[in-house]
Amino acid sequence: MSMLAGLNTALTALQAHRSGLDVAGQNIANANTEGYSRQRVDLRANGGPPVPGIFSTWQGAGAGVSVTDVVRLRDAFLEGRARAEHSQDAYLSTVNQAYTSIETVLAEPSDTAVAAQLSDFWAGWHDIANNPGDWAARVQVLQRGSLVADGLRTAHDAYSSVWNGTRASLDALVVEVNGAAAAVADLNETIRRAQGTGPPANELIDQRDVQVMRLAELVGATAIAREDGTVDVHVNGSTLVAGSSNRSLAVTGARGLVEQGTDPVTLRWSDNTSSVVPGGQVAGNLDIVTVILPGQVAALDQVASRLADTVNTAHRAGYGLDGATNRPFFTGMTAATISVAVSNPDQVAASGSAGGGLGGSNADALAGLADRSDGADTAYRDMTVGLGLAAQTAARRADIQSRVTTEVDSARDAGSGVNLDEEMTSMLAYQRAYEAAARLLTTIDGVLDVLINRTGLVGR
Amino acid sequence: MITHRVTQRSIASRALTGLQGNLTQLSKLQEQLSSGKQITRPSDSPSATASVMQLRAETRANQQYSRNADNGLGWLTTVYDALNSGVGQARHARDLTLQGMSAGTGGSPQARAAIAAEIDSIRESLINVANARFGDRPVFGGTTSGGQAYDTAGVYLGGPEEVLRTVGRDVRVRVDTNGPTAFGSGATQVFAVLADVSQAMRDDPASLAPALDRLDAALQTLQTQVSDVGARYNRLAQMRQTAEDRILTLRTQLSEVEDVDMAETIMRLKVQETAYQAALGATARAVQPSLMDFLR
């Protein structure tokens with residue numbers, strides 16, 4: 001073996017540990033970078049020549065060390081699980097947020113919201129029954145009736161504006177999905193090229209994982225890794241990204257709550273317009289605009305129609321102060337349209353018989369509607385309790401899911417996160433090894449010095 | 461060897477999650493304490509929300525029942541006072557009639573004319589009594605929209621309908637007395653009888669005896685109505701008391717379902733505060749040190 005081979009060994013050691021220090025530096029630099037996976041230098045001891053030769057100077061010691069790879073420590077299985085959990089988490093927390101805002105619309109239970117207004121309305125009819133000739137009692141019932149109708153209309157308007165907001169954010173989310181899909185396709189292309197030419201593309205792969213995770217959160221996308229380093233992304237079984245090409249999604253259908261019944265909001269592929277059942281945040285928003293809000297509005301309409309129906313039937317049976325009968329109290333049978341039809345207090349039908357003068361039997365009958373099991377109060381109570389149950393379930397599911405997600409994230413972090421103590425330790429190890437390699441260099445230099453400069457000086 | 465790696469980021473994110481959870485609990489308790497309510501939105505407890513809404517509606521209904529009963533008691537008091545005064549005046553008329561009769565046909569016509577004049581004035585006063593009003597409504601006139609139950613001639617102007625007050629779920633109590641029921645109708649109507657008595661007193665003292673019988677019958681009718689009104693008054697007063705008692709019970713129930721238990725909530729808030737501080741302290745210790753602190 002050549003005398004100078006030792007120098008080379010020391011050199012490879014210096015290089016290898018330098019790159020070890022570099023990687024530790026990169027890890028420390030990205031300790032807090034979202035989606036960064038820690039990296040590790042793979043070192044390999046260089047052996048002797050693989051083929052023995054007669055004139056080989058090989059003495060049995062190795063030829064130093066070489067860096068074989070800088071690997072990215074990430075568990076693909078955990079990654080896949082994290083995507084599924086994040087997708088579910090995004091879906092549930094979106095639905096939960098929607099319920100939170102829907103609940104605040106009703107502002108129940110309270111002393112002032114629609115339930116209390118309804119009670120006041122019925123009490124107003126009692127007051128008329130007590131004093132059918134009292135103008136003030138009649139005006140009061142008209143105003144309390146308007147208040148109830150306004151309360152229902154306001155709730156409907158609030159649902160409508162939540163719907164519009166959700167519909168708009170659905171559009172924005174789908175734009176984001178398409179952007180992320182394009183980014184994944186671009187990164188796929190770059191990574192494929194990079195891997196073909198040699199240098200590791202760890203940071204690019206990290207970036208792509210972040211984008212795929214975002215897609216999982218947005219539409220519940222799943223990913224399959226390919227041999228050439230690219231990933232294919234699927235939504236609902238269809239391809240969103242394949243290699244360097246990507247498709248796009250679009251939201252079609254109603255632009256307002258009233259159109260939802262006839263032209264439901266649907267997520268479709270832009271190219272062949274077939275519909276998609278997504279997951280994640282988009283699914284949450286889609287649920288809100290197609291199921292949750294229309295359901296709440298239907299329940300509200302039910303309250304309005306029960307109110308209008310029972311009150312009108314009873315009111316038609318009575319006689320106003322002017323002796324006329326068969327007049328409805330409310331117009332409109334839905335929450336959006338209901339309002340008080342009677343404008344003149346004289347027309348409030350308190351009396352139960354044609355010539356009844358100041359009779360109050362019909363007002364009494366109207367006041368008794370409060371206790372009807374098929375009345376507006378019961379419908380409203382059922383609606384509120386139903387909403388409370390749904391909101392509670394949504395909150396609990398979101399809570400449980402967020403715990404599961406945190407667990408998976410923490411497991412993922414345990415595998416691929418940067419531990420600063422570990423990096424410090426490896427820095428120490430690399431530093432000491434570097435120092436030792438430098439010392440080796442000095443030592444070999446000294447040995448050569450002895451050989452070259454101090455050997456054979458006899459007789460000089 | 462495979463060990464569970466712990467990284468700075470996972471410590472940080474776990475600490476954050478824990479602190480966030482603690483803080484959420486703390487703010488929830490704070491909200492309960494400051495609002496005094498356990499339930500501020502339906503999802504806090506759907507079943508309790510249902511009871512709270514039911515209890516509120518029932519409280520409101522009972523408050524109205526109590527109001528209705530108050531109004532009804534006003535009517536019945538007016539009716540009762542009027543009938544009582546009517547009975548007194550009718551009795552006085554009967555005494556006067558007896559006085560006229562005892563003098564017989566031999567009594568002086570002037571004396572009988574004086575008695576007749578007094579009876580006439582009693583009749584007028586009775587018609588006034590029969591027009592007694594609660595607010596602007598004649599209490600013996602049923603549901604008439606006019607201001608009077610009887611005209612000055614003693615003719616009934618009201619209707620036959622009853623005036624009812626709802627004082628409980630499906631419980632209605634009549635709060636008026638129909639004019640003809642109290643003051644009689646036809647031959648035994650107290651005003652007609654008194655007119656006849658006055659007439660007989662002046663012109664035909666012999667026919668006073670049958671007129672007195674009719675007056676007795678009319679008086680009987682009036683007295684019967686007094687006791688009837690008294691019974692209804694009692695019933696109404698009882699129903700009002702029932703409604704008031706019910707309101708108290710309902711308020712207690714509402715408070716049990718809805719209001720926070722101050723002592724318990726403050727205890728829980730304190731415990732939560734301690735837990736939060738402990739979490740903060742632990743986080744500060746766990747996040748801070750690293751190997752760097754110990755290497756030179």
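Respectively, the protein sequence lines represent chains A and B. Under my numbering, the first residue of the first sequence carries the number 1, and numbering increases by one thereafter. Under my numbering, the first residue of the second sequence carries the number 461, and numbering increases by one thereafter. Glycine residues also receive a C-beta, built at the ideal position from the N, C-alpha and C atoms.
Asked, Found
"Within-8 Å CB hit, B/GLU704 to chain A", "no"
"DSSP beta-bridge partners of A/ILE224", "A/ASP232"
"Cβ pair count under 8 Å reaching 3, the region 668-682 of chain B against the region 650-658 of chain B", "yes"
"8 Å Cβ cutoff, A/THR86 in contact with chain B", "Note that residue 86 of chain A is His in the sequence shown, not Thr. Output row for A/HIS86: interface = no."
"A/LEU170 vs A/ALA376 beta-carbon contact at 8 Å", "no"
"Partners in chain A for B/GLN649, counting only beta-carbon separations shorter than 8 Å", "Within chain A, no residue comes near B/GLN649; the closest Cβ sits about 22 Å away, beyond 8 Å."
"C-beta atoms of A/LEU152 and A/VAL114 nearer than 8 Å", "yes"
"Reduced DSSP category for A/GLY68 - H, G, I as helix; E, B as strand; rest coil", "It is Thr, not Gly, that sits at residue 68 of chain A in the sequence shown. Reduced to three states, the DSSP call for A/THR68 is strand."
"DSSP-derived helix/strand/coil call for A/GLN39", "strand"
"Cβ-Cβ separation, B/ALA744 to B/LEU479 (assumed contact under 8 Å), whole Å", "Not a contact, Cβ separation roughly 11 Å."
"Chain B within 8 Å of A/GLN392, Cβ atoms only", "yes"
"Opposing strand residues paired with A/TYR319 [DSSP bridges]", "A/THR325 and A/SER351"
"Contact list for A/MET424 against chain B, beta-carbon separation under 9 Å", "SER750, LEU751, MET752 and LEU755"
"Straight-line Cα distance separating B/ALA529 from B/ALA697", "7 Å"
"B/GLY496: CB within 7 Å of a non-hydrogen atom of the ligand COA", "For the ligand COA, the structure offers nothing, since it holds no ligand at all."
"Buried versus exposed call for A/ALA76 [16 or more other C-beta atoms within 10 Å across all chains shown]", "exposed"
"Secondary structure, alpha helix (DSSP H): runs of 4+ residues fully inside the region 228-305 of chain A", "280-287"
"Assigned exposure category for A/VAL291 - 16 Cβ within 10 Å defines buried", "exposed"
"is_contact[B/SER470, chain A] using C-beta, thresh 8 Å", "yes"
"Inter-residue spacing [alpha-carbon to alpha-carbon] between B/MET461 and A/ILE444", "Reliability fails at B/MET461, whose pLDDT of 41 lies under 50, so the model's placement of it is uncertain and no value is given."
"Proximity test, Cβ basis, 8 Å: B/ARG629 and chain A", "yes"
"B/LEU624 in three-state terms, based on DSSP", "strand"
"A/GLU217 beta carbon less than 8 Å from that of A/ALA365", "no"
"Classification of B/ALA571 by the beta-carbon crowding that lies within 10 angstroms, buried from 16 upward", "exposed"
"For A/LEU300 and A/GLY386, the rounded distance between their alpha carbons", "12 Å"
"Where the alpha helix (DSSP H) through A/VAL23 begins and ends", "5-29"
"Per DSSP, cross-strand counterpart(s) of A/ALA45", "A/VAL65"
"Helix, strand or coil at A/ASP374 [DSSP, three-state]", "coil"
"Alpha-carbon spacing of A/LEU215 relative to A/GLY179, whole angstroms", "10 Å"
"Reference A/ARG306, options A/ILE191, A/SER146, A/ALA379 and A/ASP206, closest by Cα", "A/ALA379"
"Whole-angstrom distance between B/SER545 and B/ASP673, CA atom to CA atom", "21 Å"
"Stretch pair the region 125-140 of chain A + the region 428-447 of chain A: three plus CB contacts closer than 8 Å", "no"
"Cβ of B/ARG634 within 8 Å of any chain A Cβ", "no"
"Within chain B, the residues that A/THR406 reaches when beta carbons sit closer than 9 Å", "SER473, ARG474 and THR477"
"Proximal chain B residues relative to A/PRO345, where beta-carbon distance stays under 7 Å", "Within 7 Å Cβ-Cβ: nothing; A/PRO345 doesn't reach chain B, min ~15 Å."
"Simplified DSSP assignment, three categories, for A/SER339", "strand"
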